[in-house]
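Protein chains in written order, with our numbering: chain A, 1 to 204; chain B, 205 to 656; chain C, 657 to 901. A virtual CB, placed ideally from N, CA and C, is assigned to each residue, including glycine. As structure tokens, the structure follows; a few thoughts come after it.
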Amino acid sequence: MKEVNSRTKILYRIKENKPNDKTNIDLGQFFIDDNENSVINFCENLVDNDGDYLILDRADNLQEVLLKEINGRSFADLTGNIVDHQSWSFNGLISPKKWSDIKVSIINGIIGVAENGAVWLDDDSMQNIRTLPFIVDHTIFILNVKQIVPTMHHAYEALGKIKTGFGAFIAGPSKTGDIEQNLIIGAHGPMSHLVIIVGSSDSQ
Amino acid sequence: MLTHSQAAKEFNKDESRVDWHDKAIWHLRQNRDLGVNKIPNWQQLRETASEIKLNVLSHLDTYLEEFEKMALSNGVHVHWALDGDEHNKIVKDILEKHSVQKLVKSKSMLTEECNLNPYLEKYSIEIVDTDLGERIIQLAKEKPSHITAPAIHKKKEEIDQLFQKMLGTPPSNGDAQFLVNAARTDLRKKFLNADAAITGVNFAIAESGGFVVCTNEGNADLGVHLAPVHIACMGIEKIIPKLEHLGVFLRLLARSANGQSITSYSSHFFKPRKGQEMHIVIVDNGRSKQLASEDFRNSLKCIRCGACMNTCPIYRRSGGHSYGSTIPGPIGSILSPNIDLKKYSSLPFASTLCGSCTDVCPVKIDIHSQLYKWRQIIMKEHPNRVKQMAMKTNQKVFEHPRLYNIVGIVMRRAIKLLPKSILYNKLNIWGKQRDLPNAPKKSFKEWYNERS
Amino acid sequence: MKVGLFIPCYIDQFYPQVGVATLELLEKLGVNIYYPKNQTCCGQPMANSGFECYSKDTCKLFIKNFREYDYVVTPSGSCAYHVRHHYNIIEQNENVTHLRKNTFELCDFIANVMETLHLDASLHKKVGLHQSCHGLRGLKLGQGSELVSEPHSIAESLLLKVQGLELVSLNRKDECCGFGGTFAITEEAISIKMGKDRLTDHIKNGVEIITATDMSCLMHLEGISKRNNLPIEVKHIAEILNSQC
């Protein structure tokens, strides 16, 4: 007799043991939060997460602002906003082990979530360099004011069917409270986390 | 193994440490309160989370099949393990195939449950826990005492000593910033040189074959994105039907744990990166058995936030290790008896049934009711003889009003007349640190009879 | 309306004054109250210890004693909770279903069945309310601090009707005292520590009298307090609502 594999056994047991479905799931009730205060909420909640924000009415002087933040450190700009200086180049030959040398990363956010200050990134915005926002000391994300939604429910609605191989909500720097709950920023990766919001809130 | 009460008694020998532990953990509960009060429809959110998880339990087999199908089509390898041993062997085989010598692992209560670390160490694979709390207890050769804050039982001065011994750091007088930096430097090397990375899974999405891992440190991501092999280990109950359901769970999880609106990192894995191999190990280990029981199945709704531990007045005053189980606290006390009824038979009694765990639970598990139900089963299967005798006596007395009246009179007389040295004898556990109530001359019933 | 009075076993034996206060209070409020004399216990001590099976006849005796009453009132949230939630182990006949619905904790009965607006009571003391868990979370006699909803507490609102009484707020407003029935014996170390911590919270906030809807919590707290000569008294809420001074 052929030995039944674990997959079959597990699925069989579940089939035998599972209860009848009496559930009723209603997510519609959570789409009530207003959009009006989204930018303010986003900023407040981001600060609660030990992140920081900057609001720029227009994108004209973005490069200048970014260079000031980078402050002469080595950086990787995946947004194309910095043209006057040389960004780190990922030409495949450089081993990821060298990436610890990059100090600042600049990445476009896709969605911002007002209720928790999180920014969604995916393989496209990270140009498939998934390690980047986790290994650098300082992260900068750029977000348009129009990309900010009130809650996580709205965020997943906006994401729709995900096509990416990897995506993440990043809501603040790397942190830990594991030593007597002392909050320490920079447990492994970013020691600072800045979101630059472009566009005035009137344009929402 | 010590029973919970024996271990708790030990822990309580140092009262100032109990106070310190209680305060540290109560702080998490207080932050949780601040966090959840920012969401006006918190109760509806809990209810919805509970409904989603109940829906999962009712369709678990089809969701798992759907998940597997989608994961395979995403280029992910899927494995199934009946128990911890099979899980460990699957992981080892993958590691051997890739000649892995150095492994980094982010926090996974499942691998703790399966005892993966000692197993892999037998095969000379270096396994490094990268969550700072887990790293601390790994260096100290201890077990986690809490599911979201594994080293919460250790004082910073003890961690200082530990790091001096294990990492060669200079003394810092327990400077947390310094100690974190030291761990960061040490672990960065481990991340960069790892041949493979293991993570747990917070949520696995049936419709897309993807899964989500939540951390504050970013250690899961740093490990996974650098290593050529990613193995994600999940219990069968981690499935949720749809991506949109994450909206509910990611709002609940961190808030329930410590009041944060969301963890710093909520990473969604769908496909391996170019050149990387991604594996998912789906583990049963007693969960399908728990599913069969109407009384206990909904403990499988747990999302491992730790809120029930933080609120539990017993956990806070006995420490996580007193439970002797992988998952401590109230939720551990209803999960563990399913794994080994005899071994964990004292856990459902480590509660006053105050019900705070049930009300704090973000997925509405009726924890204290399940504790009550486990008590009934345990006393049937492994009765405590002394307790049984006492309860049989109670039964006789309470069934017969006249006997009850007589016993009452005798007892009150005894309390009144017996010398203290006899009354407060060794067997009187109530009276060790508490006075007995004054014995009145007349019971209420006697007074009432005379009155009318 | 015919109301039966259930006096829990330990109150009957050790705290008859609480039974007296309950009876007098209800009589003052004009309730037709009767005390069936064959009553003993609700069955909870056995059930919570894991011996539900030994409590069935005690439950049946309770039903037999009270089946003819419209309501049962008891100065214990814990016993009322037990009747309501754990009397599912005996056959569910009409009497059982009726009593599971109509057994009330004293404050709950005064506030929600009698809808009493005025109490003729006074006590010039600083009082701390210990929120007994089975009443608070089991019977929902108030909003537990875990929940996000309108704050309310039946016991608190009744205490506020007592003239001269100063209700003291606590650092941890609804943490368990550590009694827990046989828990007090089997987990003695933790039980004592929990009790000490509750007492400390009350004392630090200037409480003179701790009150509660359950005498069992107070018996435990009183036992520790007396042993350590702590400057605090306990009184069941029935005694306070019935007090005149």
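Based on Cα-Cα distance, which residue from B:L238, B:E346, B:G288 lies nearest to B:Q464? B:L238
Inter-residue Cα distance where the pair is A:M1 and B:A285: For A:M1, the predicted structure reports a pLDDT of 46, less than 50, and the residue's modelled location is therefore unreliable. The matter cannot be settled from this model.
Suppose you measure from the CA of B:V416 to the CA of A:P133; what does that come to, to the nearest Å? 17 Å
Of the residues C:G699, C:N704, C:K658, C:T714, which one's Cα is nearest the Cα of C:G691? Gly is not the amino acid found at residue 691 of chain C; the sequence shown has Tyr there. Selected option, being the one with the closest Cα: C:K658.
A:G80 classed as buried or exposed, judged by whether at least 16 other C-beta atoms fall within 10 angstroms: exposed
I'd like the ranges of any beta strand (DSSP E) spanning at least 3 consecutive residues and lying wholly in the segment 723 to 788 of chain C. 727 to 730, 759 to 761, 782 to 786
What are the boundary residues of the alpha helix (DSSP H) that A:E36 is part of? Element bounds for A:E36: n/a, residue is neither H nor E.
Following a CB-centred definition, is B:H472 positioned closer than 8 Å to any heavy atom of the ligand NAP? Here there are no bound small molecules, and the ligand NAP is not part of this structure.
Buried or exposed: A:H85, going by 16 or more other Cβ atoms within 10 Å of its Cβ? exposed
Contacting residues, own chain, Cβ-Cβ under 8 Å from A:S203 (five flanking each side not counted): At A:S203 the pLDDT is 48, less than 50, meaning the model places this residue with poor confidence and gives no usable figure here.
Per DSSP, C:G660 forms a beta bridge with which residues? C:Y690, C:V728
Is C:R883 close to chain B, meaning its C-beta is less than 9 Å from at least one C-beta of that chain? yes
State the CB to CB distance for the pair B:L426 and B:V384, rounded to an integer number of angstroms; the pair is presumed to be in contact (CB under 8 Å). B:L426 to B:V384, Cβ: 15 Å. No contact.
DSSP on C:G862, reduced to helix/strand/coil? coil
Mind listing which residues of the segment 337 to 366 of chain B have their C-beta closer than 9 Å to chain C's C-betas, in chain order? none
Cβ-based burial, B:E272 [other Cβ within 10 Å; buried from 16]: buried
Proximal residues of chain B, C-beta to C-beta of C:E844 below 7 Å: I633, K636
Is it the case that the segment 754 to 771 of chain C contacts the segment 785 to 805 of chain C, given that we only count it when at least three CB pairs across the two stretches are under 8 Å? yes
So, does the CB of B:N235 fall closer than 9 Å to a CB anywhere in chain C? no
What whole-angstrom Cβ distance do A:I25 and B:T252 have, given they're in contact under 8 Å? 6 Å
Of all the CB atoms in chain B, is at least one closer than 9 Å to the CB of A:F141? no
What residues of chain B sit near A:H153, judged by a beta carbon separation below 9 Å? E448, G451, V452, R455
Report the three-state DSSP secondary structure of A:Q204 (helix, strand or coil). With a pLDDT of only 45 at A:Q204, under the threshold of 50, the placement of this residue in the model should not be trusted; the figure read from the coordinates follows. A:Q204: coil per DSSP, three-state reduction.
Under DSSP, the beta strand (DSSP E) around A:F30 begins and ends at which residues? Per DSSP, A:F30 belongs to no beta strand (DSSP E) and is neither H nor E.
Would you say C:R740 reaches chain D, if we count a Cβ-Cβ gap shorter than 9 Å as a contact? The structure shown has no chain D; the protein chains it does contain are A, B and C.
Would you list, in chain order, the members of the segment 14 to 46 of chain A that have their beta-carbon closer than 9 Å to a beta-carbon of chain B? I14, K15, E16, N17, K18, P19, N20, D21, K22, T23, N24, I25, D26, L27, Q29, F30, I32, N45
Can you tell me which of the three DSSP states B:N542 falls into? helix
Could you tell me whether the Cβ of C:E802 comes closer than 9 Å to any Cβ of chain B? yes
Quick check on B:A212: buried or exposed, where buried means 16 or more other Cβ atoms within 10 Å of its Cβ? buried
Please list the terminal residues of the continuous alpha helix (DSSP H) segment that includes B:M595. 589 to 603
For the beta strand (DSSP E) that contains B:Y469, what are its first and last residues? 469 to 473
Exposed or buried, what is C:V863 when buried is set at 16 or more other beta-carbons lying within 10 Å of its beta-carbon? buried
Are B:G413 and B:V280 closer than 9 Å when you measure CB to CB? yes
Contact set between B:T252 and chain A, taken where Cβ atoms lie within less than 9 Å: I25, D26, L27, Q29, F30
Report the partner residues of C:S651 according to the DSSP bridge assignment. In this structure chain C extends from 657 to 901, so residue 651 of chain C is not present and cannot be described.
I need the straight-line Cα distance from B:Y576 to B:T556, nearest angstrom please. 10 Å
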